[in-house]
Structure formats: C-alpha cells, structure tokens
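Undergrad: Residues in the sequence shown are numbered consecutively from 1, following the UniProt record's numbering. Glycine residues also receive a C-beta, built at the ideal position from the N, C-alpha and C atoms. Predicted, not measured: the structure shown is a model, and the values here were computed from it.
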Amino acid sequence: MLPKYSFIVPIYNEEENIEEMYRRISQVMDRMDGEVELCLVNDGSRDRSLQMMRDLHQKDPRVVYLSLARNFGHQIAVTAGLNYVRGQVVVILDADLQDPPELIPDMVEKWRQGYQIVYAQRIQRRKEGWFKRFTAYAFYRILKQLADVDIPTDTGDFCLLDRKVVDLLNSMPERNRYIRGLRAWVGFNQIAIKFERDPRFAGDVKYTFRKSLALAINGLVSFSKVPLRLSTYMGFFAALISLFMSVMVLYWRLIQPHSPLTGMAIILMAIFFLGAVQLVSIGILGEYIGRIYEEVKERPLYTLAEIAGFHKDK
Ligand code: UDP
Ligand code: MG
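Structure below.
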C-alpha cells in the first residue's frame, strides 16, 4: 500500500543526530492517521550516516532512503526526495531537529482545512550566532523587496506540501532550485505556522557561510531581475558624476585664474569609479549568464548511488 504521508529528511554528516531524529520523528509517525514513510536522503555524507540509514531501514521498513553519489547540496537533496516519495502529503524537515517534528500534526490539520502548502515561519531562532541571525534577517527582507513572487520572510524549507504541489515542483525543469521560492511561485492556498527554531541537537552547522551565500545569491537571481537593472542605474549614476566633473573642470580651466587642477588625481578617481561600476555590472551579468549555461547543459540534477525501500526501485 502506498503511504499517505512522506517525511523527507536531507542528511549530510549527521551521525550524531540520526538516532535522536529517528526517535522523535517515529513518535510522530506512530500518531499519524495513515501509513507514513520516512525518506532519508544522504547527501554524500563522509561519516557513518549512510550506514545508520541502512540499519534504520533494516529495523523499520517505514524508513526508506536515497543516497546521492556525492554532496550535491541541501536543495538538491530535498529535490531528490521529492522526486521519489509517494505520499499524498509530504513534509520536509532538517535532520538536526531544528525543525521540531512535533509540529507536523498541526501542519496536517491545516492541510485538512484545505491548504496545499503549510510553511513553518520562525518567530525566533534560539542560540544561533548574531551574524547568521542578522544576515538571514536582512536577506529575507531584501529578497521580499526584489523578488517577483511574494516569498514569505523567515521561512526555511520546513513545510508541508500536498501531492499536487509536489508533482508541480517535480515537473519544473530548472536546475537552480531555490525551493522556498518555487514553493511560493506555484500559488494555491498557502498558510504559515509560527514556531521557535530550536538550536541544533548536535554537530556543527553543515551550511557553511559559502553555501549560505550561494543559496542567497541563487534565491535573488532566480526570482528577481532587479540586479540586472541595477547596472543600468549605476551607469546613469556614473554618467551624472562625470557630467558634474566636466562642469567643474571647465570652471577651473576657464574661469578660475589659479587652477587647482592637477589632473592625475581626478583622472585616477574617474578610472577607478568607472572600473568598479563596470566590474560589478559584468559580475551581475555573469550570475545570470552562468545560470543560463547551467540550464542549457541539461545535466541531471543529481546521481543516485543507492536506493532502498521504494516499491518502484529505479
Ligand atoms: N544538508 C545537506 N547537504 C548540505 C548541507 C546541509 O543535506 O550540503 C542538510 C543537513 O544535514 C541538515 C539540513 O540540510 O539536515 C540543514 O543544514 P544545517 O542545519 O547545517 O543548516 P541550517 O539549519 O543552519 O540552515
Ligand atoms: Mg540546522
């Protein structure tokens, strides 16, 4: 029989968390009103995570898993999970218990009321560094201003999705997957559930600053064309300044008898200024062109090394 509920948990070097995560999620699974599958997605872990997933699958057939052939990143791991799970209702949550599984029944209640997407919105992050809190806070607000769709602030990937939404996400061909954006893009009835984000149960953050920055840029570039326009604005700004400088130069040369102009300094300044504007513009262009390049290559999103527990084992 196909499960009614699927829980997707992406895992990258989470050996310290898997046991406790399974304990807490299985308590929730026992209380659900239908069959549940717990889909663990190994994102190229280098610790004992995969072995622990195999053991869990042996012990509890409700646990199914996918193992990607290398580390493809969190968004792709979740995408792989979405491709394979079979439930009518799908919930995505982190392995480090920052997304409390006890919230799932409340999310399902909203689903029963007719919402196809229920996303968890943080009202507070407990014990995360000020730098992460500040950058995340700023990023979600900038994104909200710039994005073409209304992407709710302070929401991660912890959410419930109806099968209809999962099928839609699966049918989207794009390689740059900013799931929270795609999720907002599809529409339907969406609702937030507020929660306090717990600290990590154990282990270090797997989202390094570099990965977070890449995710942020991806979100911006995938859902907004404003950065492209920014180069135009900077161009106009540079033009204005150069106009102003020409007037100054004319004034000094023609009207002031003792010209303070030495030339060099102003020329250097202008060169640096224009250089900066041009480099930034090229960089912004590059972000978009790089993405076009990614898309046209049409490589598969991930490679699978191992899969267990799905009937339609591919
Ligand atoms: N993760 C992953 N691949 C990665 C990085 C992270 O699958 O390359 C998983 C990780 O195991 C965890 C979730 O994504 O289940 C969130 O990671 P983390 O807790 O480090 O991020 P944060 O909670 O700080 O956003
Ligand atoms: Mg975390």
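Quick check: V90 and I18, are their CB atoms within less than 8 angstroms of each other?
TA: Sequence index remark: in the sequence shown, residue 90 carries index 90 (1-based). Sequence index remark: in the sequence shown, residue 18 carries index 18 (1-based). Their beta carbons are not under 8 angstroms apart, which means V90 does not touch I18 by this criterion.
Undergrad: Measure from the alpha carbon of F72 to the alpha carbon of each residue in V41, Q88, S49 and I92, then state which is nearest.
TA: Locating residue 72 in the sequence shown gives position 72, where the first residue counts as 1. Of the listed residues, the one whose Cα sits closest to F72 is V41.
Undergrad: Are the beta-carbon atoms of I76 and L301 separated by less than 8 angstroms?
TA: Within the sequence shown, the letter at position 76 stands for residue 76. Within the sequence shown, the letter at position 301 stands for residue 301. Yes, these two residues count as a Cβ contact at 8 angstroms.
Undergrad: Expressed to the nearest angstrom, what Euclidean distance is found between the alpha-carbon atoms of L274 and A202?
TA: The count along the sequence shown starts at 1 and reaches residue 274 at position 274. The count along the sequence shown starts at 1 and reaches residue 202 at position 202. Taking the straight line from one Cα to the other gives about 49 angstroms.
Undergrad: Enumerate in chain order the residues of its own chain whose CB-to-CB distance from K314 is below 6 angstroms, with the five nearest sequence positions on each side excluded.
TA: By 1-based counting over the sequence shown, the position of residue 314 is 314. In this prediction, K314 has a pLDDT of 44, which is less than 50 and means its spatial position is unreliable; nothing more can be read from the coordinates.
Undergrad: Scan the stretch 187-228 and note each continuous alpha helix (DSSP H) run of 4 residues or more that stays entirely inside, going in chain order.
TA: The qualifying runs are 209-223.
Undergrad: With DSSP collapsed to three states, give me the class of G156.
TA: The sequence position of residue 156 within the sequence shown is 156, counting from 1. Of the three classes helix, strand and coil, the one that applies to G156 here is strand, per DSSP.
Undergrad: How about R183 and C159: are their beta carbons less than 8 angstroms apart?
TA: By one-based count along the sequence shown, residue 183 stands at place 183. By one-based count along the sequence shown, residue 159 stands at place 159. Yes. Within cutoff.
Undergrad: When DSSP labels each residue in this structure, what does K70 get in the three-state scheme?
TA: By 1-based counting over the sequence shown, the position of residue 70 is 70. Checking the displayed sequence, the identity of residue 70 turns out to be Arg instead of Lys. The DSSP-derived three-state label of R70 is coil.
Undergrad: Report, in whole angstroms, the separation of the C-beta atoms of G44 and L68, which I expect to be a contact under 8 angstroms.
TA: Position 44 of the sequence shown holds residue 44. Position 68 of the sequence shown holds residue 68. Contact holds; Cβ gap of about 6 angstroms.
Undergrad: Excluding sequence positions up to five away, which residues of its chain have a Cβ less than 6 angstroms from the Cβ of I104?
TA: For this step, residue 104 is matched to residue 104 along the sequence shown. Residues of the same chain with a CB within less than 6 angstroms of the CB of I104, apart from the 5 flanking positions on each side, are V28 and V91 in chain order.
Undergrad: Determine, for E102, whether the minimum Cβ-Cβ distance to residues of chain B falls below 8 angstroms.
TA: No chain B appears in this structure, which consists of one protein chain only.
Undergrad: Following the continuous alpha helix (DSSP H) through F7, name the residue where it begins and the one where it ends.
TA: If you number the sequence shown from 1, residue 7 lands on position 7. Here F7 belongs to no alpha helix (DSSP H); instead the beta strand (DSSP E) covers Y5 to I11.
Undergrad: Would E20 and L97 qualify as a contact pair, given that the criterion is a beta-carbon distance under 8 angstroms?
TA: Locating residue 20 in the sequence shown gives position 20, where the first residue counts as 1. Locating residue 97 in the sequence shown gives position 97, where the first residue counts as 1. Taking 8 angstroms as the Cβ cut-off, E20 and L97 qualify as a contacting pair.
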